[in-house]
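Participant: Got a structure here, written out as structure tokens. Questions coming.
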Amino acid sequence: MHGPIDFDNFEINLEEISKIEGAASLNIKVKNKKIEELKFSISEWKRFYTQAIIGKSISAIPQLLSRICGTCSNAHLLCAIEAVEKGLSINPSSQTILLRKLLYYGLIIRDHALHLYIFSLPDYLGKESILDFDENDQQQHQFLDDAFSLKE
36 MHGPIDFDNF
46 EINLEEISKI
56 EGAASLNIKV
66 KNKKIEELKF
76 SISEWKRFYT
86 QAIIGKSISA
96 IPQLLSRICG
106 TCSNAHLLCA
116 IEAVEKGLSI
126 NPSSQTILLR
136 KLLYYGLIIR
146 DHALHLYIFS
156 LPDYLGKESI
166 LDFDENDQQQ
176 HQFLDDAFSL
186 KE
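Below you can see the structure in the form of structure tokens.
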């Protein structure tokens with residue numbers, strides 16, 4: 036049995052923070068009502084894309100790098116195109132730049148909506164993940180359809 040909580044001196048250690056890309060942890064140490072130590076770390080697993088593109092044709096690199104992430108492949112594609120353009124001293128037209136910005140803004144809207152469906156909605160419904168949704172429940176089934184239609 037634990038004694039009374041000492042709000043002046045305590046530690047919080049979260050080794051697994053969910054609902055982010057990669058792995059995260061948080062460690063907080065408070066002494067005399069002051070934060071003495073705070074560590075927040077996020078690590079992603081290496082995917083070795085740098086090694087995978089060595090020796091590849093420069094025209095293939097954007098398509099290869101767009102596969103880094105299934106959620107934001109267009110962002111990785113545009114980033115790789117921009118890197119190739121800079122490497123070759125290519126200046127895209129103002130129309131191209133505007134179209135890319137439009138695509139980026141669309142990605143931001145879509146990614147935030149996906150985050151709500153995939154990460155926040157399960158918490159709201161008391162589920163671990165969208166994999167625990169009941170497809171026989173009309174509302175939960177509709178949520179799944181709505182979430183996946185965002186990717187189209």
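My numbering puts the first residue of the sequence shown at 36, with every later residue one more than the last.
All C-beta atoms in this analysis are idealised placements derived from N, C-alpha and C, irrespective of residue type, glycine included.
For Leu49, which three-state DSSP category applies?
Facilitator: For this step, residue 49 is matched to residue 14 along the sequence shown. Here Leu49 sits in strand by DSSP.
Participant: Mind reading off the beta-carbon distance from Ala182 to Tyr159? Whole number of angstroms is fine, and I expect it under 8 Å.
Facilitator: On the sequence shown, position 147 is the one that residue 182 refers to. On the sequence shown, position 124 is the one that residue 159 refers to. The Cβ separation is near 13 Å, so there is no contact.
Participant: Identify the residues that DSSP records as bridge partners of Val65: which are they?
Facilitator: By one-based count along the sequence shown, residue 65 stands at place 30. Paired residues: Phe45, Ile70.
Participant: Might you give, ordered along the chain, the residues of its own chain that have their beta carbon closer than 6 Å to the beta carbon of Phe45, omitting 5 neighbours on each side?
Facilitator: As a first step, residue 45 must be located in the sequence shown, where it is residue number 10. So the list reads Val65, once near-sequence residues are dropped.
Participant: So the candidates are Asp172, Ile40, Ile165, Ala59; which of them puts its Cα closest to the Cα of His150?
Facilitator: Sequence index remark: in the sequence shown, residue 150 carries index 115 (1-based). The residue with the shortest Cα to Cα distance from His150 is Ile165.
Participant: Taking 8 Å as the cut-off, does the stretch 80-97 touch the stretch 105-123 (at least 3 CB pairs, one atom from each stretch)?
Facilitator: At 8 Å Cβ cutoff, the stretches touch.
Participant: Helix or strand or just coil, what does DSSP make of Phe75?
Facilitator: Looking up residue 75 in the sequence shown gives position 40. DSSP places Phe75 in strand when its eight states are reduced to three.
Participant: In the DSSP assignment, find the alpha helix (DSSP H) that holds Gly122 and state where it starts and stops.
Facilitator: In the sequence shown, residue 122 corresponds to position 87, counting from 1. Note, Gly122: alpha helix (DSSP H), 108-122.
Participant: DSSP on Ala148, reduced to helix/strand/coil?
Facilitator: In the sequence shown, counting from the first residue as 1, residue 148 sits at position 113. DSSP places Ala148 in helix when its eight states are reduced to three.
Participant: From Arg102 to His111, what does the alpha carbon distance come to, in whole angstroms?
Facilitator: Residue mapping note: residue 102 aligns to position 67 of the sequence shown, counting from 1. Residue mapping note: residue 111 aligns to position 76 of the sequence shown, counting from 1. Whole-angstrom Cα-Cα distance: 8 Å.
Participant: Does DSSP classify Ser60 as helix, strand or coil?
Facilitator: On the sequence shown, position 25 is the one that residue 60 refers to. DSSP places Ser60 in strand when its eight states are reduced to three.
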